[in-house]
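Participant:
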Amino acid sequence: MQLTPEQRQQVLRHPLLGHFSEENQKLLLNEAHLREHPAQSLILRQGDEAKRFFLVMRGKVKLFRISADGKEKVVEIINAGQTFAEAVMFMRHSVYPVCVESLENVQLLSLPNRLMLQLLETNPQTCLHLLGHLSIRLHQRLDELENLTLQNATQRLALYLVGQVRDQQGDSAELDLALPKGLIAARLSIKPETLSRAIGTLREQGLIQTRARHIRIPSLSRLLEAFAQEQASPLRGNLIASSSD
């Protein structure tokens with residue numbers, strides 16, 4: 001599938017590609033593959049040989065691992081404009097460490113690791129930008145790991161909701177859940193019924209208001225204060241008592 005001029009601009013706006021020279025950008029785009037995948041398509045399998053990395057042009061995909069007992073663990077949700085599998089190119093005998101599945105109809109652009117590595121060898125400035133990009137991703141994953149290991153279910157949900165806020169008006173905010181509740185539960189490493197209880201806890205405390213997939217947070221500062229104080233309020237006690245399953 002050929003790239004339209006608009007799609008070429010979308011690709012070149014990404015930090016990983018925008019710092020290459022025009023000549024090198026053309027080399028990369030000449031080897032780009034643009035593919036459409038319907039919802040719930042398995043795009044990559046954990047353990048497959050890693051030859052390309054990907055940019056989500058449209059839609060969203062789920063990165064997950066399969067444990068030894070066959071359970072699925074959601075690692076990350078990748079939205080339009082984001083890349084995945086780019087770090088794998090630096091590994092010797094590289095394989096994809098996760099499975100990738102489309103959550104809706106998606107359009108993915110892939111680029112060859114081999115060519116990308118060749119170009120990086122002669123573009124130290126772009127290497128620095130890539131290093132910064134990967135460092136940010138690493139810190140995000142470490143923050144998520146800390147939240148999953150140190151927080152209970154209700155705290156995880158609250159922090160997740162705060163992280164989803166895009167349209168903030170003063171101290172209040174509103175958002176629509178972009179993912180099904182079952183997937184949110186998997187992302188937070190809790191059971192769906194535990195997520196429902198956590199939503200109920202925050203709602204009963206007046207920290208959120210819900211209407212179907214729409215969430216209103218009357219006070220972001222109050223929601224965050226509930227987790228910043230050591231046993232300073234009845235809410236804190238309720239949150240600590242909430243089961244994370």
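To convert, note that position 190 of the sequence shown is 190 in UniProt numbering; the numbers rise steadily by one, no gaps.
For each residue, glycine too, the CB sits at the ideal point set by N, CA and C.
I'd like the list of long-range same chain contacts for histidine 129, defined as Cβ closer than 8 Å, with 5 residues on each side in sequence excluded.
Facilitator: Cβ within range, chain order: Pro15, Leu16 and His19.
Participant: Does the beta-carbon distance from leucine 109 to leucine 63 come in below 8 Å?
Facilitator: No, the pair does not count as a contact, with Cβ atoms beyond the cut-off.
Participant: For the region 135–154 against the region 166–182, are there 3 or more C-beta pairs whose distance is under 8 Å?
Facilitator: No, the region 135–154 does not touch the region 166–182.
Participant: May I have a chain-ordered list of the alpha helix (DSSP H) segments no shorter than 4 residues that lie completely inside the UniProt domain "Cyclic nucleotide-binding" (16–120)?
Facilitator: Runs found: 22–30.
Participant: Here's a check: name, in chain order, each residue in its chain whose Cβ is nearer than 7 Å to the Cβ of asparagine 30, leaving out the five neighbours to either side.
Facilitator: Cβ within range, chain order: n/a, list empty.
Participant: Looking at threonine 210: is its Cβ nearer than 8 Å to the Cβ of isoleucine 217?
Facilitator: Not in contact: threonine 210 and isoleucine 217 (Cβ atoms no closer than 8 Å).
Participant: Where do the N-terminal and C-terminal ends of the alpha helix (DSSP H) with leucine 161 fall, by residue?
Facilitator: Note, leucine 161: alpha helix (DSSP H), 153–164.
Participant: Who does serine 172 pair with in a DSSP beta bridge?
Facilitator: For serine 172, which the question treats as bridged, DSSP gives the partners Gln169.
Participant: Give the straight-line distance between the Cα atoms of isoleucine 208 and isoleucine 215, rounded to the nearest whole angstrom.
Facilitator: Whole-angstrom Cα-Cα distance: 7 Å.
Participant: Go to isoleucine 215, then tell me how far its beta strand (DSSP E) extends in each direction, as first and last residue.
Facilitator: Per DSSP, isoleucine 215 belongs to the beta strand (DSSP E) from 214–217.
Participant: Pull up the distance between the alpha-carbon of asparagine 123 and that of valine 106, whole angstroms please.
Facilitator: Straight-line Cα distance between these residues: approximately 31 Å.
Participant: Could you tell me whether the Cβ atoms of alanine 50 and serine 102 are closer together than 8 Å?
Facilitator: No, these two residues do not count as a Cβ contact at 8 Å.
Participant: Considering residue 246, what are the terminal residues of the alpha helix (DSSP H) in which it resides?
Facilitator: The shown model of the chain, from 1 to 245, leaves out residue 246, and the question about it has no answer.
Participant: DSSP state of glutamine 209, grouped into three classes?
Facilitator: Here glutamine 209 sits in strand by DSSP.
Participant: What residue from Val165, Gln164, Ala153 and Asn113 has the CA that sits closest to arginine 92's CA?
Facilitator: With distances taken between Cα atoms, arginine 92 lies closest to Asn113.
Participant: For threonine 149 and glutamate 22, what's the separation of their Cα atoms in angstroms?
Facilitator: Near 45 Å, if we compare the C-alpha coordinates of glutamate 22 and threonine 149.
Participant: Tell me the rounded alpha-carbon separation between alanine 226 and glutamine 205.
Facilitator: Each residue's alpha carbon lies about 10 Å from the other.
Participant: Tell me whether lysine 181 sits in a helix, a strand or coil according to DSSP, three-state version.
Facilitator: In the structure shown, lysine 181 sits in a helix (DSSP, three-state: H, G or I).
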